[in-house]
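Asker:
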């Protein structure tokens with residue numbers, strides 16, 4: 006399925022108008038899924054043809070989307086759950102019949118019991134599993150790749166490149182249990198548990214690639230990363246060092262410029278003229294294991310365009326990770342943990358390798374917690 010095909014398929018649902026809870030819920034149903042890294046090849050067909058794409062031994066779908074007309078929205082601030090169901094009035098003989106059927110479906114959803122038992126769970130937070138030693142690249146291979154990337158930067162071929170590696174780990178923990186643990190050890194604004202074809206995606210990210218809200222496009226690049234320390238005082242010292250380090254600052258400014266170009270998109274304009282601006286520049290944002298430099302770029306979407314145009318303008322996207330699972334029984338499976346580092350002219354290979362390991366550590370920690378707390382011994 007191409008990005009254009011997805012956009013065409015979304016035209017009909019996106020034309021529906023929400024009439025319930027308009028002021029209360031930001032998500033009321035619709036398309037939910039993922040776009041893989043290779044989605045960019047549908048957009049940049051000449052520069053990035055599929056004929057040049059490296060083989061993927063996992064063979065996941067490039068795009069996985071589901072159109073949901075029934076959703077349950079959890080409000081973690083109000084501690085409430087909202088049950089929402091869409092009704093296509095044009096499929097019924099009358100509005101009264103549509104309302105009655107929609108009400109019956111809502112009552113059926115509300116009557117479903119919780120999947121997880123109530124009560125406390127013992128969290129063995131001090132137990133650590135094996136180190137992330139299995140990767141699709143050795144330490145030396147990754148460091149050589151960093152040096153090769155630096156040569157391309159110095160030659161003027163590229164401004165920056167993100168070199169990621171895929172760590173692997175075997176575990177008996179259920180993917181949903183890992184998601185539950187991830188919410189504890191690495192809580193982020195954007196967390197995902199998604200059952201796709203042949204794999205399950207468990208993800209945690211603080212970053213906004215593209216968000217469209219009330220015609221306002223938001224891009225929030227995160228670049229410049231260091232591992233957090235044990236005390237707030239040490240974190241403050243690291244913040245100052247990070248903001249005074251030329252390498253991560255240069256990397257971040259470069260990505261802010263890229264974000265401005267994506268939001269404005271000179272070759273495929275998506276924002277109104279003079280509406281693109283940097284609202285926040287080089288703030289420090291803390292995550293559970295690392296801290297980043299963050300900025301916020303915004304623009305106003307042109308009146309004749311949709312959210313799909315804003316997303317297409319932001320491609321290529323970052324990498325994602327998934328995990329295969331036998332749905333019938335619990336068994337050992339392989340978790341793929343993807344982590345990358347931005348390479349610029351003065352990157353140190355050993356530092357970039359450590360950055361990958363630090364970023365992957367939060368995901369590995371969630372597996373440790375899921376194994377020690379949720380898996381029946």
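In the numbering used here, the protein residues as written are 6 to 382.
Ideal Cβ placement from N, Cα and C applies to all residues, glycine included.
Because the structure is a prediction, the values reported are computed rather than measured.
#1: Which one of 208, 62, 345 and 181 has the shortest CA to CA distance from residue 165?
#2: In terms of alpha-carbon separation, which member of 178, 258, 253 and 276 lies closest to residue 223?
#3: With C-beta atoms as the reference, is residue 221 less than 8 Å away from residue 352?
#4: Pull up the DSSP beta-bridge partners for residue 297, would you.
#5: Let me know the secondary structure DSSP gives residue 341 once reduced to three states.
#6: Could you check the C-alpha separation between residue 348 and residue 197 for me, to the nearest Å?
#7: Please report the distance separating the alpha-carbon of residue 90 from that of residue 33.
#8: May I ask which residues mark the beginning and end of the beta strand (DSSP E) holding residue 47?
#9: Taking only runs of the beta strand (DSSP E) that begin and end inside the region 190 to 249, which ones reach a length of at least 3 residues, in chain order?
#10: Since residue 319 contacts residue 217 with CB under 8 Å, what's their CB separation in whole angstroms?
#11: Could you give the distance in angstroms between the alpha-carbon of residue 157 and the alpha-carbon of residue 256?
#12: Do the CB positions of residue 244 and residue 213 come within less than 8 Å of each other?
#13: For residue 86, which of 305, 287 and 111 has the nearest alpha-carbon?
#14: Determine the DSSP secondary structure at residue 281, reduced to helix, strand or coil.
#15: May I have the straight-line CA-CA distance separating residue 194 from residue 98, to the nearest angstrom?
#16: With distances taken between CB atoms, is the gap from residue 92 to residue 71 smaller than 8 Å?
#17: Provide the residue span of the beta strand (DSSP E) that contains residue 86, from first to last.
Answerer: In terms of the structure at hand:
#1: For the purposes of this step, residue 165 is taken as the residue at position 160 of the chain shown. Checking every option, the nearest Cα to that of residue 165 belongs to 345.
#2: Along the chain shown, read from residue 1 onward, the residue named residue 223 stands at position 218. Closest by alpha carbon: 276.
#3: If you number the chain shown from 1, residue 221 lands on position 216. If you number the chain shown from 1, residue 352 lands on position 347. No; because the gap between Cβ atoms is not below 8 Å, this pair is not in contact.
#4: If you number the chain shown from 1, residue 297 lands on position 292. DSSP lists 230 and 290 as partners of residue 297.
#5: Position 336 of the chain shown, counted from the start, is the residue given in the question as residue 341. Residue state, collapsed to three classes: strand.
#6: As a working note, residue 348 is residue 343 in the chain shown. As a working note, residue 197 is residue 192 in the chain shown. Whole-angstrom Cα-Cα distance: 27 Å.
#7: Translated into the one-based positions of the chain shown, residue 90 becomes position 85. Translated into the one-based positions of the chain shown, residue 33 becomes position 28. Approximately 8 Å between the Cα atoms of the pair.
#8: Here the question's residue 47 lines up with position 42 in the chain shown. Counting along the chain, residue 47 falls outside any beta strand (DSSP E), though it belongs to the alpha helix (DSSP H) covering 45 to 48.
#9: 195 to 201, 204 to 210, 213 to 218, 221 to 225 and 227 to 232
#10: Residue numbering aside, residue 319 sits at position 314 when the chain shown is read from its first letter. Residue numbering aside, residue 217 sits at position 212 when the chain shown is read from its first letter. Contact doesn't hold; Cβ gap of about 10 Å is too wide.
#11: Start at 1 with the first residue of the chain shown, and residue 157 comes out as number 152. Start at 1 with the first residue of the chain shown, and residue 256 comes out as number 251. Each residue's alpha carbon lies about 15 Å from the other.
#12: As a working note, residue 244 is residue 239 in the chain shown. As a working note, residue 213 is residue 208 in the chain shown. Going by C-beta atoms, residue 244 is not nearer than 8 Å to residue 213.
#13: Position 81 of the chain shown, counted from the start, is the residue given in the question as residue 86. Of the listed residues, the one whose Cα sits closest to residue 86 is 111.
#14: For the purposes of this step, residue 281 is taken as residue 276 along the chain shown, with counting starting at 1. Coil.
#15: In the chain shown, counting from the first residue as 1, residue 194 sits at position 189. In the chain shown, counting from the first residue as 1, residue 98 sits at position 93. Taking the straight line joining both Cα atoms gives about 42 Å.
#16: The residue you call residue 92 lines up with position 87 of the chain shown. The residue you call residue 71 lines up with position 66 of the chain shown. Not closer than 8 Å, so no.
#17: Residue 86 sits at position 81 when you count from the first residue of the chain shown. Start and end: 85 to 90.
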